[in-house]
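These notes concern the structure reproduced below.
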Amino acid sequence: MSAAMFHRHVFRPSSGRMLQVVLQQANQQVRHRSRLPINTAILFVPQQEAWVIERFGKYHRVLEPGFNMCIPVVDSIKYVQSLKEIAIDVPQQAAITLDNVTLQMDAVLYLRVIDPYKASYGVEDPEYAITQLAQTTMRSEIGKISLDTVFRERESLNIAIVASLNKASEAWGITCLRYEIRDMKLPSRVQEAMQMQVEAERKKRAAILESEGIREADINVAEGKKQARILNSEANKAEQINQATGDAEAIIRRAQAKATAIDNVSRALTQRNGMNAVAMNVAEQYVGAFGNLAKTSNTVILPSNTGDVSSMVAQAMSIYGSLSKENTRVLDITETDDMLSTGTPTPPPPTDSGSADKIPTESLSGETQTERSNKSQRLASKDQQPLEL
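The sequence shown begins at 547 in this note's numbering and counts up one residue at a time.
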């Protein structure tokens, strides 16, 4: 109830104290009204204020900021409206959310008078009316959403409350600029449950981070083992390749050395007394082989003329001579064919005048080398008998 309403009622002495309390409440509520100035002929209206003038108790006009003139007795200043933005505290109130949680909330409402006439004659107490409307609108909007939505979408809630307030306050000449929720209190049980939920969420995130760390560590270890195995396999591969290359090189070198040795031996055989040197070498190897056999207790089948070293050497030399003559005959036939194809005269066959031992050539009866070799093996098998060393 405003101060203007009390002037219309009859003052009673017994209700003086009550009247004083009501006037204090009215002065606290209507803070956007300035004190009425003195009614004079010349008036200076401050900036961002609007003075409502009544003539003979009826609305006459609104004085604009600056210099104005009025008739002192006829015109009277009835209302003074501030056109500045005003902040009003919305008292704390209880509101129930969609999930049946009771909240204690207070807020701050920012408004402005845009029509001094409607603000003066449209509602008795604009500030009290807009405060009550803000409280009811907030309870209505809170009941549409859950508690989690209140925390997440507080800005959307403020915008919805401002839109609802502007629809109702348009007839009062007031526009609501902003609505801000200042404080929000929850029941103790709800706070404990929310705290437990927060702790559980933190533990969950910690467990997830720990498991992800373990997984990353296992992946890194497995990747390291994989790389180590790959490197080991590559090292083994390179080692085997190098070993094979070395073995091949050694085989080639041994073959080259053996070929060189054979070539040197063949050249030595063509020299004077070469066959005698070969016979002596065969005799030495024969005696050495018998010396090795005497060291072991094995049963070996040997020819009957084992003690006759000269016969064994002669047999070995005859086989060698047969092979050499066969190779020489093949080479002579090949050279003769080449000379006939090219028209070159055939040279006489070479004679070995320096050799002491003549190797017999192919027999006149046409006996081949293979037949002679088989005949020699049959004769040797007849002379073989077991010898226990």
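By construction, the Cβ of each residue, glycine as well, lies at the ideal position given by its N, Cα and C atoms.
Secondary structure of alanine 587 (DSSP, three-state): coil.
For the pair aspartate 645 and serine 686, the CB atoms are not nearer than the 7 Å cut-off. Taking 7 Å as the cut-off, the Cβ atoms of glutamine 594 and lysine 624 do not count as close. Judged by DSSP secondary structure, proline 637 falls within the beta strand (DSSP E) whose first and last residues are 632–642. Bounds of any beta strand (DSSP E) do not take in phenylalanine 697; it lies within the alpha helix (DSSP H) bounded by 693–698. Tyrosine 725 is a Cβ neighbour of asparagine 704, given a cutoff of 7 Å. A straight-line Cα-Cα distance of about 37 Å links glycine 770 and glutamate 745.
For the pair isoleucine 634 and proline 611, the Cα-to-Cα distance works out to about 25 Å. The Cβ neighbour count for alanine 653, taken over all protein chains shown within 10 Å, is at least 16; the residue is labelled buried.
Looking from the CA of threonine 695, the closest CA among Thr643, Pro733, Met740, Met684 belongs to Thr643. Non-local beta-carbon contacts of alanine 587 in its own chain, meaning distances under 8 Å to residues more than five positions away in sequence, involve Met615, Cys616, Ile617, Pro618 in chain order. Residue range 672–688 is occupied by the alpha helix (DSSP H) that includes alanine 680.
The beta carbon of alanine 706 lies closer than 8 Å to those of Glu687 in the same chain, with the five residues before and after it left out.
The C-beta of glutamate 785 has fewer than 16 other C-beta atoms within 10 Å across all chains shown, which makes the residue exposed.
Beta bridge pairing from DSSP links threonine 806 with no other residue.
With contacts defined as CB atoms closer than 7 Å, glutamine 681 and glutamine 639 qualify as a contacting pair. If you look at alanine 596, you'll find it in the beta strand (DSSP E) that goes 595–601. Per DSSP, the unbroken beta strand (DSSP E) holding alanine 653 starts and ends at 648–659. In the DSSP assignment, glutamine 627 falls within the beta strand (DSSP E) that extends over 621–628.
For glutamate 726, the enclosing beta strand (DSSP E) starts and ends at 720–731.
In the DSSP assignment, glycine 612 falls within the unbroken beta strand (DSSP E) covering 612–615. By DSSP's assignment, leucine 609 forms a beta bridge with Trp597.
Boundaries of the alpha helix (DSSP H) around proline 662: 662–667. Residue pairing by DSSP places lysine 604 opposite Arg601 in a beta bridge. Distance from serine 622 to glutamate 600 at the Cβ level is roughly 5 Å; contact confirmed, criterion being Cβ atoms closer than 8 Å. Taking the C-beta atoms as reference points, isoleucine 727 is found nearer than 7 Å to arginine 700. Rounded to whole angstroms, the gap between the alpha carbons of alanine 790 and asparagine 827 is 36 Å. Counting of Cβ neighbours within 10 angstroms places leucine 582 among the exposed residues, the total staying below 16. Of all C-beta pairs linking the stretch 657–669 to the stretch 715–724, three or more are shorter than 8 Å, placing the two stretches in contact. Under the three-state reduction of DSSP output, threonine 791 falls in the helix class. For the pair valine 626 and leucine 655, the CB atoms are not nearer than the 7 Å cut-off.
DSSP places leucine 582 in the coil class of the three-state scheme, outside both helix and strand. DSSP, reduced to helix, strand and coil, places glutamine 743 within a helical segment of the structure shown. By the Cβ neighbour-count rule, isoleucine 720 is buried, with 16 or more other Cβ atoms within 10 Å of its own.
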